[in-house]
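Student:
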Amino acid sequence: MSVLDNVRDLVKTVSPNCICDDCITQKLDLSVRQHANHKTRELAGSPSFFRAKQRCSYCGDEKLSIRAY
Ligand SMILES: [Zn+2]
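Take the sequence shown: its position 66, counted from the start at 1, is 50 in our numbering, and no numbers get skipped.
Okay, structure coming up:
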């Protein structure tokens, strides 16, 4: 399983909630914040994911969060 697979699985699991990069980093225990950032940007390019500035369902902050349809 690649990190991208893990991120994709997590986003699908928490759906229909959305989750920000920081919470993804925390939940998957990623070491570098940029890593989640890079992966969610990659996912956002695929049709079944939506990434925008919205309220994260976990930390409650309004920032770039991703969700699966
Ligand atoms: Zn969050």
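Just so you know, even glycine gets a beta-carbon here, dropped at the ideal spot from N, CA and C. Keep in mind that this is a model prediction, so the values were computed, not measured.
1) Could you name the residues that DSSP lists as bridge partners for E46?
2) What did DSSP end up calling C2 once you bin it into helix, strand or coil?
3) Within the present structure, is the beta-carbon of D13 separated from the nearest heavy atom of ligand 1 by less than 6 Å?
4) With a threshold of 7 Å between beta carbons, is S15 in contact with chain C?
5) Can you give the beta carbon distance from V76 to L27, rounded, assuming they're within the 8 Å contact cut?
Tutor: From the atom records:
1) R39
2) coil
3) no
4) Within the model displayed, chain C is absent; a lone protein chain is all it includes.
5) Within the shown structure, residues of the chain are numbered from -15 to 53, placing residue 76 beyond reach of any answer.
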